[in-house]
Amino acid sequence: MPELPEVETVRRHLKVNIIGKTIKSVDILYDKIIRDIDPEDFAHTLVNQTFLDIKRKGKYLLFILTDLILVSHLRMEGKYFLKRTEPATKHEHIIFNFTDGTSLRYHDVRKFGTMNLFRTKDIKSVLNKPPLNKVGFDPFEKSLSAKEVYERFQRITKPIKSTLLDQSIISGLGNIYVDEVCYLAKIHPETSTKQLSFEQVSVLLDYAKEVLTKAIALGGTTIKSFSSHEISGRFQNELLVHTKEHCPNCKQKITKIRINGRSTYFCENCQLIKAGKERK
Ligand SMILES: [Zn+2]
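Numbered by the numbering used here, the letters in the sequence shown go through residues 905 to 1184 in order.
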């Protein structure tokens, strides 16, 4: 599943390639991707709209057009490709044909991706409506305060790993990144969320930003066969704990367990805090 760094990489890549392009027509080859609007209406409304900007909230892309905002989620396997006018391939479901003879293709093998269209240019109003109103804190949000997150965490008894993966609490941290963040913060992934001190929450958030910034700079990871316009992520070469055999810090064998069905890697020696135990 594309995680925040991959989605941010897609955003940056698309921003360079489609800003200023105007839609001539839209071909819809699989209409279940389009939500809350009649597909014919969707296609018709987008004609003559120009891509002005692309923003991101968690793992959602927000395409800012002349009079509209298009919200896209790649879910499991969604990708965008910029092509000319060649025929659609099997997994291309939505094609935005531009007036300059190029086209933007939404490609999705699993067909789980979604697109919502809003007839407004007001980003704030779109952020307050489904699906974006259910997206949690973005680690890069300037207004995000550790105090606010700590207070929220005080009411959560599930393991910190599950909390960090819960997109309605913090958006954009996927499985690989959560393992890396817990490792850097020296927090055992099974630690009950409410047990974390304010200082630990602050440290976790700092590492979340650091790990994501680094992953974005390196183009994300490609462990789950994801690539944005065939850019392969180099972040997997930088992983410290996820999929690793030995701890880079103490050299002890890395432990692999499952938390909520997600494979979880951690060092039992360095990530101690669990069930009331204090960090060494
Ligand atoms: Zn260790």
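We treat Cβ as the ideally placed atom computed from N, Cα and C, and that holds for glycine.
Start-to-end residues for the alpha helix (DSSP H) that takes in residue i
i	result
Lys1028	1027 to 1031
Arg1186	Since the first residue shown for the chain is 905 and the last is 1184, residue 1186 is missing from the structure and cannot be characterised.
Thr1024	No alpha helix (DSSP H) contains Thr1024, which DSSP labels as neither H nor E.
Phe946	943 to 950
Whole-angstrom distance between residue j and residue i, CA atom to CA atom
i	j	result
Ala992	His977	21 Å
Asp945	Val975	16 Å
Glu907	Arg1138	14 Å
Val1107	Tyr984	35 Å
Asn1020	Glu996	18 Å
Arg1166	Gln1175	18 Å
Ala1089	Ile1163	18 Å
Asp940	Leu1144	42 Å
Val914	Lys925	17 Å
Leu956	Ile923	6 Å
Lys1051	Ser1101	11 Å
With 16 other Cβ atoms within 10 Å as the buried cut-off, status of residue i
i	result
Cys1154	exposed
Gln1058	exposed
Thr989	exposed
His1150	exposed
Glu1103	exposed
Asn952	exposed
Asn1037	exposed
Lys994	exposed
Pro1063	buried
Pro1152	exposed
Glu1094	buried
Pro909	buried
His1011	buried
Asn1032	exposed
Asn1079	buried
First and last residue of the uninterrupted beta strand (DSSP E) at residue i
i	result
Ile937	No beta strand (DSSP E) holds Ile937; DSSP gives it neither H nor E.
Ile1158	Here Ile1158 belongs to no beta strand (DSSP E), and DSSP marks it neither H nor E.
Asp957	955 to 961
Leu966	964 to 969
Phe1000	996 to 1002
Thr1168	1166 to 1170
Leu986	983 to 987
Lys928	927 to 932
Below-8 Å beta-carbon distance, residue i vs any chain B residue
i	result
Lys963	The structure shown contains no chain B; it is built from a single protein chain.
Point to revise | In chain order, each alpha helix (DSSP H) run of at least 4 residues that lies wholly inside the stretch 1054 to 1117 | key: 1064 to 1069, 1079 to 1088
Exercise for review: Just jot down, in chain order, the residues whose CB lies closer than 6 Å to any heavy atom of ligand 1.
Suggested key: Cys1151, Asn1153, Cys1154, Gln1156, Cys1171, Asn1173, Cys1174
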